[in-house]
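Numbering (my numbering), first residue to last: 10 to 285. Okay, so here's the structure we're looking at.
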Ligand code: UTP
């Protein structure tokens with residue numbers, strides 16, 4: 010994937026979901042039951058969400074983002090294997106968090122993991138964060154999405170522009186502009202294609218790991234797992250790292266370390282000295 014100077018992401022909402030009572034998003038779901046095969050053998054010993062970027066486990070970046078966006082209820086999809094440590098980490102981040110977790114007995118996919126949260130979430134709009142997508146943005150990504158949700162009361166999904174054949178690794182959106190709202194960064198989504206061949210990709214807008222969903226998603230997941238359509242999306246700014254991938258993990262480590270006041274200068278000097 011090509012990373013540009015400016016990163017764009019987008020959000021989706023379903024126009025049919027507008028309710029008369031405005032909904033607020035307080036709950037955040039962190040699916041964390043994936044197998045982490047790209048990080049074997051490390052993920053034999055611990056889940057990838059526990060791998061540290063600089064000095065914080067990956068999951069902590071996501072939980073801090075959710076808190077900054079106003080979610081104080083965190084639900085986690087864990088499977089049994091060595092993931093109880095994650096609970097301790099999440100709890101230690103803030104006393105303000107109400108934490109619950111459900112087990113996904115088998116890693117049957119992200120949609121299945123989200124469906125496991127149905128009872129805990131209830132009839133509320135909720136956020137889903139895939140913690141291994143670390144997004145460094147002036148205004149936290151989820152907070153930007155919350156602004157769209159507050160205005161539209163529709164489901165919102167984050168995406169970014171991906172150039173070239175790497176687009177085939179993502180869900181890709183077929184969109185039309187939504188009246189220049191949100192500085193022209195809002196789009197209506199007509200359809201989504203999962204991992205298309207580059208020549209079949211309907212746009213350069215790839216879905217990434219941040220969603221605000223209305224409870225209708227549970228019916229859709231339970232009956233038609235591939236349902237998309239009738240949605241909108243908004244582009245926002247930020248820098249994303251795929252920390253579930255080795256190269257993405259290294260980029261996140263280097264760039265976020267460079268931004269640390271206590272570490273940045275010394276680390277920059279060290280990098281300059283490397284004969285690359
Ligand atoms: P990934 O696509 O990154 O899969 O999952 P993975 O298994 O974690 O990692 P690789 O590809 O084998 O290296 C995206 C997110 O969905 C969660 C993962 O924990 C991750 O946060 N997930 C995935 C579940 O919770 N359950 C699943 O069955 C699958």
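Ideal placement from N, C-alpha and C gives every residue a C-beta, glycine not left out. These numbers were taken from a predicted model, which means no experiment stands behind them.
Cα-Cα separation, residue i to residue j
{"i": "residue 161", "j": "residue 190", "result": "11 Å"}
{"i": "residue 203", "j": "residue 176", "result": "10 Å"}
{"i": "residue 245", "j": "residue 101", "result": "Here the model assigns residue 245 a pLDDT of 48, short of 50, so the residue's position is not dependable, and the following value carries that caveat. Near 30 Å, if we compare the C-alpha coordinates of residue 101 and residue 245."}
{"i": "residue 119", "j": "residue 111", "result": "14 Å"}
{"i": "residue 291", "j": "residue 275", "result": "Past the boundaries of the shown model lies residue 291; the chain is included only from 10 to 285, so the question cannot be answered."}
{"i": "residue 152", "j": "residue 208", "result": "34 Å"}
{"i": "residue 182", "j": "residue 158", "result": "19 Å"}
{"i": "residue 242", "j": "residue 156", "result": "Unreliable placement is indicated for residue 242, whose pLDDT of 48 sits below 50; the coordinate value is still reported in the next sentence. For residue 242 and residue 156, the distance between alpha carbons rounds to 13 Å."}
{"i": "residue 195", "j": "residue 186", "result": "6 Å"}
{"i": "residue 171", "j": "residue 251", "result": "13 Å"}
{"i": "residue 54", "j": "residue 71", "result": "22 Å"}
{"i": "residue 58", "j": "residue 48", "result": "11 Å"}
{"i": "residue 199", "j": "residue 212", "result": "11 Å"}
{"i": "residue 277", "j": "residue 134", "result": "43 Å"}
{"i": "residue 45", "j": "residue 279", "result": "31 Å"}
{"i": "residue 139", "j": "residue 285", "result": "33 Å"}
{"i": "residue 254", "j": "residue 104", "result": "31 Å"}
{"i": "residue 273", "j": "residue 267", "result": "4 Å"}
{"i": "residue 237", "j": "residue 80", "result": "Legend: pLDDT at residue 237 = 42, less than 50; position of this residue unreliable, no value from coordinates given."}
{"i": "residue 232", "j": "residue 224", "result": "14 Å"}
{"i": "residue 50", "j": "residue 256", "result": "16 Å"}
{"i": "residue 289", "j": "residue 264", "result": "A query on residue 289 cannot be resolved here, the shown segment of the chain reaching from 10 to 285 and no further."}
{"i": "residue 52", "j": "residue 147", "result": "31 Å"}
Residue i vs residue j beta-carbon contact at 7 Å
{"i": "residue 31", "j": "residue 78", "result": "no"}
{"i": "residue 37", "j": "residue 109", "result": "no"}
{"i": "residue 116", "j": "residue 40", "result": "no"}
{"i": "residue 132", "j": "residue 107", "result": "no"}
{"i": "residue 201", "j": "residue 173", "result": "no"}
{"i": "residue 129", "j": "residue 74", "result": "no"}
{"i": "residue 56", "j": "residue 97", "result": "no"}
{"i": "residue 258", "j": "residue 127", "result": "no"}
{"i": "residue 124", "j": "residue 230", "result": "yes"}
{"i": "residue 86", "j": "residue 69", "result": "no"}
Check: Counting Cβ pairs closer than 8 Å, one from the region 58-68 and one from the region 134-145, do we hit at least three?
Finding: yes
Next item on the list: Could you say if the region 212-232 and the region 159-174 meet the contact criterion of at least three C-beta pairs nearer than 8 Å?
Entry: yes
Check: Which runs of the alpha helix (DSSP H), 4 residues or longer, sit entirely within the region 96-176?
Finding: 119-124, 127-130 and 150-161
Check: Which runs of the beta strand (DSSP E) spanning at least 3 residues fall entirely within the region 210-282, listed in chain order?
Finding: 214-222, 240-243 and 248-251, all fully within the region 210-282.
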